[in-house]
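Asker:
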Amino acid sequence: MVQINGENIDAAGKSLKEYLEENGYIIEGIAVECNEVIIPKAKYSETVLSDGDIVEIVSFVGGGEESDSFMLGGKKFHSRFILGSGKYSMELIKAAVENAGAEIITLAVRRTNTKKNENILDYIPDNVTLLPNTSGARDAKEAVRIARMSRELGCGNFVKIEIMRDSKYLLPDNTETIKATEMLADEGFVVLPYMYPDLYAARDLASAGAAAVMPLASPIGSNKGLATKEFIQILIDEIDLPVIVDAGIGKPSQACEAMEMGAAAIMANTAIATAGDIPVMAGAFKAAIEAGRSAYLAGLGRVLERGASASDPLTGFLRD
Amino acid sequence: MAQNQFFVDSDKLSTAALKHKHLLEDNPSARTNHMEYMEGMERISSDIMDKVISAVKSYDYGKYTAADVKRALDSQTCSIEDFKALLSPAAMPFLEQMAQKAKSETSKHFGNTVYMFTPLYIANYCENYCIYCGFNCYNDINRKKLNAQEIEHEMKVIADSGIEEILLLTGESRKMSDINYIGEACKMASQYFRNVGLEIYPVNSDEYRYLHECGADYVTVFQETYDSDKYETLHLMGHKRVFPYRFEAQERAIIGGMRGVAFSALLGLADFRKDALATALHAYYLQRKYPHAEYSLSCPRLRPIINNDRINPLDVHEKELCQVICAYRIFLPYAGITVSSREQKHFRDGIVKIAATKVSAGVSTGIGDHESKYEGYIDEDAGDEQFEISDARSFDEMYSDIASEGLQPVLNDYVYV
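Protein chains in written order, with numbering that gives the first Met the number 0: chain A, 0 to 319; chain B, 0 to 416.
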């Protein structure tokens, strides 16, 4: 195991150059420190990572500030919009990805289990990270089987766990999801569990090895927005993992609001799939998510609860 | 009310057979008790049939008004009362609004996807006398049961056309098409197709479990009509005559481990509004009891059969059928809805834009004639069809027609676990 930016990553034996390229770093824009020594760019290919190395990768943007990015499974992402690929025609996926500026796209493993001319994988641009989901799984065991299938189908080692035991609302089963997270993290998957925003479940997911938690905003497909807002805020405040708000986000303004709260990213599908113009809506979400993120980083101003604060302080009578 | 004339005598029947046939037709007391389980039929503990039947009995669709329909269309969630209003005659003037609402529900749950499948009949032997069905044991048709090689050949032909989901059907004869025979067909089907469904005679839960292990994961059973008194006059002989055993088939299939079940009344046999209510409630109550399973509804109308081309769906015209389908969608937004080739092209093209999520393509309801049908020649050796289809589009035609409407044809969205 090599510790890269604080995470233990199975990268021993790889050259630094290989690791950086595999993970999408742009060599020109970064500096790398290995065991407290800065490695010159010319030596990236001959520097081989070994067990116990501690590596820090710093990116520079513009005036030397670190760019705003987040890590999932040792991979760095700049886009905070995770795009769904279901419920709309596959020919539109490319345009949606481009307009969304998305670096991650989810897809149902069961949709990849098909013949070549129908294979959703053929429609997804190569530079995008696949986040296959386990939809169709009714318990942890089935989720594990579908995840393994997904790895075999060439979808990589990211997996979004979706376990539903209700065909009507498709609400996630947290208990089974925790079990599956543990099993899949042990097998080296980068596990992103779709969950009901429950603090204890989120903590258990974190200790089971999840790379992020994906709480739902509303029932999936409902476009009803941040119905679970207060509970998602608790997860953001208490869980040391990226909190990716998933399911139920129906409008760009709702995505923006979740980002203002401090969510790491937004996952949306139905809101885009049911829009009049899919690529344009993907672009609208991108803009809203970026605005929300900027607002979060800028620090929101205070909100006056009852119109105005009292001009005469209640404690004005105090002497001494 | 108009009635279908179902009785047809074949001159090939022996005098004794004809005599028995007429006895069953003319004399109700000569028939068995249709509410009594036959030997070997599993009894499960379930109150769902009672709930459905009592709801249907008390359903007076004449009492609903335009105001009830408007309230149903405006409400966020569709209650059983709302659903009853949407199925009532008072909802007919609101058909366009119902379609708009149905479309929006469909797109929330299914986006623009339309699933495609084809049925494969492997045998048409039948032990029942269901007076409206082309396969009934007194109907003079060419009978056939495909052997393993013939089944494999049919599957190859169908798989080569591009189809990935298959629905295996048999006539309802346990003797001619036993569980092992069907199980072997399922095993073979899972080699050629990604998704295997069954539409066979109802069986016990351990038999469903066996068929699931052979690769099948979906079970369709049509109740035909939920009016048990009417049912008795349509299914005069055979195990299919047993109303409750058939009613509980989906529940036994779920107990046996099947992922999904499908329901249907054959519209035109009885009061279609009551039958539509019963079909949806059947799925609704089972969903509450078994929330993990997947549910879907079919909406077939009566079709002409060999030796009786006058059979028709009576008062269930396209408008009424559309009303039923829209009401199904609004009441059960998560359920799949299948519209088969019993309906014509213009109807199927229209209804997939509103509410249907699955259509058949490249269909034959005959036995062993896919190659001849796909290649356009006559196969003298084929078994006769169950009913006449109305939409003979091939897989390719159907696929491109769906895609050209801006919808997304999906061949398969399933993994067997």
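Beta carbons: idealized from backbone N, C-alpha and C, even for Gly.
How long is the line joining the alpha carbons of residue 164(B) and residue 198(A), rounded to whole angstroms?
Answerer: Rounded to the nearest angstrom, the two C-alpha atoms are 41 Å apart.
Asker: Using the DSSP secondary-structure output, state which residues sit across from residue 128(A) in a beta bridge.
Answerer: Residue 128(A) is bridged to 103(A).
Asker: Given a threshold of 16 other Cβ atoms within 10 Å of its Cβ, counted over all protein chains shown, does residue 273(B) qualify as buried or as exposed?
Answerer: The residue is buried, with at least 16 neighbouring Cβ atoms inside 10 Å.
Asker: Compute the minimum distance between the beta carbon of residue 284(A) and the heavy atoms of the ligand HEM, and state whether it is under 6 Å.
Answerer: With respect to the ligand HEM, the structure offers nothing, as it holds no ligand at all.
Asker: Would you report the Cα separation of residue 418(B) and residue 106(B), rounded to the nearest angstrom?
Answerer: Given that chain B is displayed from residue 0 to residue 416, the structure contains no residue 418(B) and the question cannot be resolved.
Asker: At what residues does the alpha helix (DSSP H) containing residue 173(A) begin and finish?
Answerer: Start and end: 173 to 185.
Asker: Quick one, which of 194(B), 174(B), 140(B) and 139(B) has its alpha-carbon nearest residue 109(A)'s?
Answerer: It is 194(B) whose Cα lies nearest to the Cα of residue 109(A).
Asker: So with CB distances below 7 Å, who are the chain A contacts of residue 111(B)?
Answerer: Neighbours of residue 111(B) on chain A, chain order: 86, 87 and 88.
Asker: If we define contact as Cβ-Cβ less than 7 Å, is residue 27(B) a contact residue for chain A?
Answerer: Chain A, which has no Cβ nearer than 7 Å to the Cβ of residue 27(B), makes this no.
Asker: Would you be able to state if there are at least three C-beta pairs under 8 Å between the region 254 to 265 of chain A and the region 223 to 236 of chain A?
Answerer: Touching, yes.
Asker: According to DSSP, what are the bridge partners of residue 223(B)?
Answerer: BP columns for residue 223(B) point to 264(B).
Asker: So is residue 290(B) in contact with chain A if we call contact Cβ pairs under 7 Å?
Answerer: Judged by the 7 Å Cβ criterion, residue 290(B) is in contact with chain A.
Asker: Candidates 393(B), 58(B) and 121(B): which alpha carbon is nearest residue 198(B)'s?
Answerer: Of the listed residues, the one whose Cα sits closest to residue 198(B) is 121(B).
Asker: Do the region 262 to 282 of chain A and the region 74 to 94 of chain A touch if we need at least three Cβ pairs shorter than 8 Å?
Answerer: Yes: at least three Cβ pairs fall under 8 Å.
Asker: Roughly how many angstroms lie between the CA atoms of residue 93(A) and residue 123(A), to the nearest whole one?
Answerer: Looking at the two C-alpha atoms, the distance is approximately 6 Å.
Asker: Run through DSSP, which three-state label would residue 170(A) get?
Answerer: In the structure shown, residue 170(A) sits in coil (DSSP, three-state: anything other than H, G, I, E or B).
Asker: Which residues bound the beta strand (DSSP E) around residue 407(B)?
Answerer: First-last of the beta strand (DSSP E) with residue 407(B): 407 to 409.
Asker: So, does the CB of residue 231(B) fall closer than 7 Å to a CB anywhere in chain A?
Answerer: No, residue 231(B) lies away from the interface with chain A (no Cβ there is under 7 Å from its Cβ).
Asker: For residue 213(A), list the residues DSSP reports as bridge partners.
Answerer: Answer is 193(A), bridged to residue 213(A).
Asker: Within 10 angstroms of the Cβ of residue 37(A), are there 16 or more other Cβ atoms? Answer buried if so, exposed if not.
Answerer: By the 10 Å Cβ count, residue 37(A) comes out exposed.
Asker: If contact means a Cβ-Cβ distance below 9 Å, which residues of the region 94 to 124 of chain B contact chain A?
Answerer: Those residues of the region 94 to 124 of chain B that come within reach of chain A (Cβ to Cβ, closer than 9 Å) are 103, 106, 107, 108, 109, 110, 111 and 112.
Asker: Scan the region 280 to 309 of chain B for residues whose Cβ lies nearer than 8 Å to a Cβ of chain A and list them as they occur along the chain.
Answerer: Cβ contacts with chain A come from 286, 290, 291, 292, 293 and 294.
Asker: Give me, in chain order, the residues of the same chain whose beta-carbon lies closer than 6 Å to that of residue 231(B); leave out the 5 immediate sequence neighbours on both sides.
Answerer: For residue 231(B), where only same-chain residues beyond five positions count, the Cβ hits under 6 Å are 33.
Asker: Between residue 175(A) and chain B, is any beta-carbon pair separated by less than 7 Å?
Answerer: Taking Cβ atoms only, chain B never reaches closer than 7 Å to residue 175(A), which makes this a no.
Asker: If we ignore side chains and look at the alpha-carbon of each, how far apart do residue 223(B) and residue 130(B) end up?
Answerer: Whole-angstrom Cα-Cα distance: 12 Å.
Asker: Quick one: give me the first and last residue of the beta strand (DSSP E) that residue 196(B) is part of.
Answerer: Where residue 196(B) is concerned, the enclosing beta strand (DSSP E) stretches over 194 to 198.
Asker: Which residues mark the beginning and the end of the beta strand (DSSP E) in which residue 291(A) is found?
Answerer: Here residue 291(A) belongs to no beta strand (DSSP E); instead the alpha helix (DSSP H) covers 277 to 297.
Asker: Pick out whichever of 249(A), 257(A) and 208(A) has its Cα sitting closest to the Cα of residue 239(A).
Answerer: Ranking the options by Cα distance to residue 239(A), first place goes to 208(A).
Asker: Over what stretch of residues does the alpha helix (DSSP H) that includes residue 103(B) continue unbroken?
Answerer: Segment 94 to 109, the alpha helix (DSSP H) holding residue 103(B).
Asker: Quick check on the burial criterion: 16 or more other C-beta atoms within 10 angstroms. Buried or exposed for residue 34(A)?
Answerer: It counts as exposed.
Asker: Helix, strand or coil: how does DSSP classify residue 250(A) here?
Answerer: Of the three classes helix, strand and coil, the one that applies to residue 250(A) here is coil, per DSSP.
Asker: So residue 159(A) and residue 132(A) are in contact, right, with Cβ under 8 Å, and what is the actual spacing, rounded?
Answerer: Right, their Cβ atoms sit about 4 Å apart.
Asker: Could you check where the beta strand (DSSP E) with residue 179(B) kicks off and where it finishes?
Answerer: Premise fails: residue 179(B) lies in the alpha helix (DSSP H), 178 to 191, not in any beta strand (DSSP E).
Asker: Can you round the beta-carbon distance between residue 285(B) and residue 250(B) to whole angstroms, since I take them to be within the 8 Å contact cut?
Answerer: Residue 285(B) to residue 250(B), Cβ: 6 Å. Contact.
Asker: For residue 309(B), count the other beta carbons within 10 Å of its own beta carbon; 16 or more makes it buried, fewer makes it exposed. Which is it?
Answerer: Exposed, since its Cβ has fewer than 16 Cβ neighbours within 10 Å.
Asker: Throw me the rounded Cβ distance for the residue 262(B) and residue 296(B) pair, which I believe falls under 8 Å.
Answerer: Confirmed, Cβ separation roughly 5 Å.
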